[in-house]
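Reading through the structure tokens given below for one structure.
Residue numbers (the working numbering): 341 to 519.
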């Protein structure tokens, strides 16, 4: 099995009116997704945002948790922050990983594959894997077209389907990489 990486995409994504926007990085997304990523053996957690102010904000949080005193204060959280990397664009991440297989997540089911099929693809792959998570109201159609595969939506027992990206990432990682 090749390395599995994830990327949290903040641009281009939709807002609730379907305008293309950039969303803000949140501290809880940095913390919680980093912890889920480490739990499931994800090699790198990329946070993708084109806005310098947002990248600076994220860098301040990340650098705080990478200091030696953070390992004394809360070593489990500090450990999770070692695998976060910031990028301005998805293309930068793709270049860094050298031709990864792109797997997009979406609440829309058109053209999607079952978790079991994607899990099998991951296990057989020799190429790096990059799982994309969108923020806001989801990645744009153009962004989804870049993916090699689209993962089926997470379905609960009710028709309501608007998980936080932190929750969705944890569920996806468990279903694809969990024991």
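Glycine included, every Cβ here is placed at the ideal spot set by N, Cα and C. As the structure is a prediction and not an experimental result, all values here were calculated from the model.
Under the rule that a run must span 4 or more residues, the alpha helix (DSSP H) segments found entirely inside the stretch 399 to 456 read 408 to 420, 430 to 437.
Inter-residue distance for residue 464 and residue 401 is about 36 Å (C-alpha atoms, whole angstroms). With a cutoff of 8 Å on beta-carbon distance, residue 388 and residue 348 are scored as near each other. Using a Cβ distance threshold of 8 Å, residue 440 and residue 470 count as a contacting pair. If you check the CB distance, residue 516 and residue 435 do not come in under 8 Å.
For residue 342, the secondary structure class from DSSP, reduced to helix, strand or coil, is coil.
Within its own chain, the residues whose Cβ lies closer than 7 Å to the Cβ of residue 369, once the five positions on either side in sequence are excluded, are 348, 505, 506, listed in chain order. If you draw a straight line from the Cα of residue 421 to the Cα of residue 475, it is about 20 Å long.
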